[in-house]
Amino acid sequence: MSERRYQVLPPDRAADAVETELLARWREEQLVARSLAGRPGAPEFVFYDGPPTANGRPGIHHVFARTVKDLFSRHRAMLGYHVPRKAGWDTHGLPVEIEVEKALGISGKQDIERIGVEEFNKRCRESVWKYREEWERLVERVGHWLDYEQPYVTYSNNYVESEWWALRTLHDKGLLVQGHKILPYCPRCGTTLSSHEVAQGYEDVEDPSVYLALDLVEPPQRVDGNPVTVNGLPATTALGGKPARRRIVVWTTTPWTLPSNAALAVHPDLTYVEVKKNGRDDWTLLLSESRAGAVLGQEWESRWEVVGRFTGRELEGTRYRRPLDWLPFEDGEHEVIIAEDFVTADDGSGVVHMSPAFGADDYAAGQRRGLAFLQPVNARGEFPAEMPVVGGKFVKDADPFIIEELKARDVLWKAATLTHSYPHCWRCRTPLLYYARGSWFIKTTAFRDRMIARNKAVRWNPPEVGEGRFGSWLENNIDWAISRDRYWGTPLPVWVNDADPTEIDVIGSYAELAEKSGRPLPADFDPHKPYIDAYTWPAKSGTGTMRRVREVIDAWFDSGSMPFAQWHYPFENRELVAAQYPADYIAEGLDQTRGWFYSLLAIATGLGDALPNNADPVKPGDAAAPYKAVVVNDLVRDAKGLKMSKSRGNAVDPWSVMERHGADAVRLFLVASSQVWTPRNFDESVIREGAGRFLLTFKNVYKFWAELANFGWAPSADDPRPDDRPALDRWVLSRLAGVEAEANRQLLNYDATLAARAVMTFVDEDVSKWYVRLGRDRFYDVTSPDNRAAFATLHEVLTVSCRLLAPFAPFVTDWIHRELTGTSVHLADYVRPSPFPVDAALDAAMSDVRALATLGRAQRETVGIGVRQPLGELVVFPLLRDLRFDDSLTGLLAGELNIKSVRVATDFAQIGTAEAKADFKVLGKRAGKDMKLVAAAIESWPAASVLEVYFGASVHVTVEDRTYAVGPEDVKVTLRGVATDGRWAVALDTIITPALRTEGMAREIVSRVQRLRKETGLAVSDRIRLLVAGPAEVHAAVEEYRSWITGEVLARDLVLSDGISENVGAVPVELDGATAFIALTREG
RNA sequence: GGGCCAUUAGCUCAGGUGGUUAGAGCGCACGCCUGAUAAGCGUGAGGUCCGAGGUUCAAGUCCUCGAUGGCCCA
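Okay, structure coming up:
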């Protein structure tokens, strides 16, 4: 027999301390590295880690995301996969620049230029790491096992070079193109503003509010040349026999954009009316019906007559004449009405002027429809000098001149002013212009369908995010503007001839850069601005110099390139990437839908077969690239369901939470409380009472087992084989196998919540509240086969439970698993190769026993006899036709309820009575005036009839000559004298015979002695001398059960005394009417 | 302003395709048990299923509108 001692984990030991100790142990054993290395010959299961930016403190929501990422990886590693998990850092982009601006006390591009890009970017490079250490510590503390030995860093030279390769590849495929993007722009500062800057600068200002009336071109024609018809009739209006002048009313608050008008937009589903003024037959106006009152006056219907009615869709294609013809159209569609969903009837005329160079909606519509693009405004916000009327003027100053010109041209309907909120430059208060800026795009619309096809092959969890939010985002895809006119980012590797902007070199590697520039790169080569901009070379065409464009790229391109850039592909590691692409799964927050989830997909789809295992087409059911499965997690909100934010002051510090509850409890709470893709409220009391309490129970079960096993049990060949163990053991092993399979199945299915709940319910309900509860006394000795069976069984249950819980609570499970087996849980198998099999019949029988035990306890409650008093018989009666009592578990039921036997009644009348009452509502409809008599008849039924009906039969009730068939739905049955759950009815034989009373008394004495032992502070194994005094009844009980009592309380000696004891320390005990005194002393 | 998600007991959550009296755990009250004890068991109270309309023989479930909270995008 082994002398091994099992350490006990004190329940009051702080989780934080235990976990911290384990972390040190893991470090010492290099356990993370061993798990990462995988087992020899293990198949790959690839996880991609979305890189965080380390220039902010990690928050509790990061703990959530880390838990989700970790648990699936851990599960797969335990299943025997090699799970590569390379950590990464997102290091470029505006957030970093803003952080540095704040640190330097500067703001805006002019300040940056003044300090110098070299210095600024140096600061950015350093700033990225401000919180790195805290990040790494937290990731370690929460137990996210990740490869931090060689993390990928998006600013590193290798990473940038891989991105250059990707951009060059996209360019070669014609997918990296120049275009325009509408951006808020400050003409005074000469800079575009980011959205959060725009949000800071809204001010109420007075702007022109101009209604134009633009001539429709007669006869109205569609673009295809066919006449416009309404309900089959020509829509041409002829009033009073002569052709009418027809005009459409258009509203704008930016008259300066009218010279670049290219189209008018209406809403397809809005109703537009054509109206003529009373008495005027020579002209009409067209506008949205719901805006007519606002444009024509409240009581317009008394002054205007509706002569036509159209939906916006019907107007589509109609041509009109633009208000100002200063600029020639070069190419593109123009002067046409289009129907667009973004048009509203909230203001204006329901007809919107479209100027693709000066509005985001306008631009997008222009792209979709191929509209002409006129941009007669320079970077200072001025019209070109050669423009008529407004040449050289700042656009906002030009408004009055334009209004005058409109009036002169007879296209002005009315001009007023409007006070509204408009964005201004937060620095100089200049009104911002929405302005089309030259920009570089990845032409994602060219491969949108392929992205959609790939997305359909991705296994989304939950599916609706992939189909809905992400799917519709892809359906409405627009080209990805990847250039940023900023400083700290991957430089766009595009060189343009300064003499001929059509001559372009896109550089795909550093070697190519060296070759083009004609000199080797220095040892300390830095591809960032400003250094990179010094690389120039003579244009191939002979005239001009190739100079790099000024822009850097969107940091989302960085993170989306990680599948290949993290390995410096294709310059190195080709085989590695071939083995580790695509990812089997990724897991990030819902906010990444349009972020990382998209950038990964867009880049991978654009690159196509330039990446391994990545060729199109991808069909549903294929392994999708770049990720086969996604698990989305939602936000963590505060305890009241409000968003956590610095300004609210309700953000939770993960470290203090970790200290109070431990990572296990926090992880378990985050995963088990609800599906990870729903938002959860972070409430520490819920952690304590839910996950915390569960872990306490788990530790308690182990503690119970370990303390008793330390009396000399250790696994050995002497333990009975599972098949030879008692039913209780076989039952819990069967349940264990079921839960093992279920947890594994759910995790493979990416449902962490159901997996965790299945295991937790098993441990709590089946193991703690039933198996241990019923089998406690089997652990009080270690030698008999029954003892050995119990120890071996619970050892197995605890060991496997540790494994099943390890992905969720990696700390305490490892601690206990090491005690149980001597090895780390994290190197163990998640599922056993050949577990004791599920025994469905046994599961069902036990389930019945548990139900009957509950009913039996309820009956004891009802009859007022405590469990300590033994009773003779429990009678059970099945209330369902196919229900049979399986008597193989009778012993367990009898023991639990402290009864001598269990009997199955053959007739319900043996145990109780049944009454039926008519349901007046149901029966009344049929019985009518006989109802009272029928009801009386039903109430007088014998129990047998009631039971017949209860079981579904019909009983005939005859009143005079009328007969009614009364079925189960017509009556309400009440069972009396029994406890019932609808399946079973049970009754207790409540007669306490003298023998039972004596036995009850003996049990009472044992109970009191045990309590006294404990109060006295004796160890569980201490032996005692016992003295009992009391009336004859007590003496009789002690004499009869002497050996049982001494065995239970470990008494070497039991002395009976007459009368009331005078022994020091004697304690009075009330025993069902008799008073006894007991005293005990420890036996040396 | 637009799109999406959520709202069920004090709290955290279940409630395929509409179908009997809407469930569980925790908490609470009362009782039991007493060497797993900072545990265990039972009983009970607790519900306007966010609101208002609608569809239906029948709505927590489907539809419409609205409220609140959240996310994304303008």
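Mapping the first sequence onto the working numbering, position 955 (from 1) lands on 960, and the numbers just tick up by one. Where a beta carbon is used, it is the ideal one built from N, C-alpha and C, also for glycine.
Selection from the options that minimises the alpha carbon distance to residue i
i: Pro63; options: Tyr216, Val657, Tyr439, Val210; result: Val657
i: Pro720; options: Leu902, Leu825, Asp966; result: Leu825
i: Arg44; options: Ala362, His831, Gly549, His185; result: His831
i: Gly547; options: Ala539, Tyr540, Glu508; result: Glu508
i: Asp274; options: Asn502, Leu803, Pro436, Glu345; result: Glu345
i: Leu753; options: Val203, Pro189, Phe77; result: Phe77
i: Asn578; options: Asn163, Thr1003, Val805, Pro100; result: Asn163
i: Arg740; options: Val203, Met851, Tyr707, Thr683; result: Met851
i: Asp848; options: Val737, Thr859, Glu335, Phe406; result: Val737
i: Trp682; options: Thr758, Asp734, Glu387, Ile692; result: Thr758
i: Val311; options: Ser293, Thr859, Gly386; result: Ser293
i: Ala1000; options: Tyr492, Gly987, Glu1045; result: Glu1045
i: Trp718; options: Phe50, Ala795, Arg464, Trp775; result: Ala795
Opposing strand residues paired with residue i [DSSP bridges]
i: Phe399; result: Glu387
i: Phe315; result: Tyr277
i: Lys282; result: Trp309
i: Phe378; result: Phe378 is not bridged to any residue.
i: Asp212; result: Leu423
i: Arg251; result: Thr289
Rounded C-alpha distance that separates residue i from residue j
i: Asp454; j: Glu340; result: 31 Å
i: His358; j: Val416; result: 14 Å
i: Gln226; j: Glu480; result: No answer about Gln226 holds up, because its pLDDT of 47 lies below 50 and its placement is not dependable.
i: Met567; j: Ala486; result: 19 Å
i: Arg469; j: Ala620; result: Here residue 469 turns out to be Glu, not Arg, going by the sequence shown. For Glu469 and Ala620, the distance between alpha carbons rounds to 26 Å.
i: Arg762; j: Phe703; result: 14 Å
i: Val235; j: His185; result: Per-residue confidence for Val235 stands at a pLDDT of 45, beneath the threshold of 50, marking its modelled position as unreliable; the derived number appears in the next sentence. Each residue's alpha carbon lies about 38 Å from the other.
i: Tyr325; j: Leu411; result: 16 Å
i: Pro239; j: Ala421; result: Any reading at Pro239 must be qualified, since the residue scores a pLDDT of 45, below 50, and its modelled position is unreliable; no value is offered.
i: Leu291; j: Trp256; result: 12 Å
i: Glu1020; j: Ala1041; result: 27 Å
i: Glu338; j: Leu376; result: 4 Å
i: Ile943; j: Asp935; result: 12 Å
i: Lys91; j: Phe69; result: 19 Å
i: Ala370; j: Pro361; result: 8 Å
i: Ala1007; j: Gly780; result: 21 Å
i: Leu41; j: Val88; result: 6 Å
i: Asp589; j: Gly827; result: 32 Å
i: Glu694; j: Ser132; result: 41 Å
i: Gly667; j: Ala19; result: 8 Å
Check whether residue i and residue j have beta carbons under 9 Å apart
i: Ala1037; j: Ala1071; result: no
i: Ala760; j: Gln751; result: yes
i: Leu1090; j: Ile1029; result: No answer is possible for residue 1090: it lies beyond the span of the chain, which begins at 6 and ends at 1089.
i: Val278; j: Arg252; result: no
i: Ala570; j: Thr159; result: yes
i: Leu898; j: Leu993; result: no
i: Gly195; j: Arg385; result: yes
i: Trp1102; j: Tyr540; result: A query on residue 1102 cannot be resolved here, the shown segment of the chain reaching from 6 to 1089 and no further.
Sequence-distant residues of the same chain with beta carbon closer than 6 Å to residue i, five excluded per side
i: Ala592; result: Val73, Lys74, Val636
i: Ala833; result: Arg808
i: Pro56; result: Gly93, Trp94, Asp95, Ser564
i: Thr25; result: none
i: Asn618; result: Tyr586
Beta-carbon proximity list for residue i, same chain, < 8 Å, skipping 5 on both sides
i: Pro543; result: Gly549, Thr550, Met551
i: Arg665; result: Asp21, Glu689
Sequence-distant residues of its chain with Cβ nearer than 7 Å to residue i (five each side left out)
i: Val1; result: Because the chain here runs from 6 to 1089, residue 1 falls outside it and cannot be looked at.
i: Tyr707; result: Leu14, Leu803, Ile821
i: Val228; result: Residue placement at Val228 is flagged as unreliable, the pLDDT there being 45, under the threshold of 50; the coordinate-derived value follows with that caveat. Only Gly322, Val341 meet the Cβ criterion.
Check: residue i C-beta below 8 Å from any heavy atom of the ligand COA
i: Pro543; result: In the structure on display, the ligand COA does not appear, and there are no ligands present to speak of.
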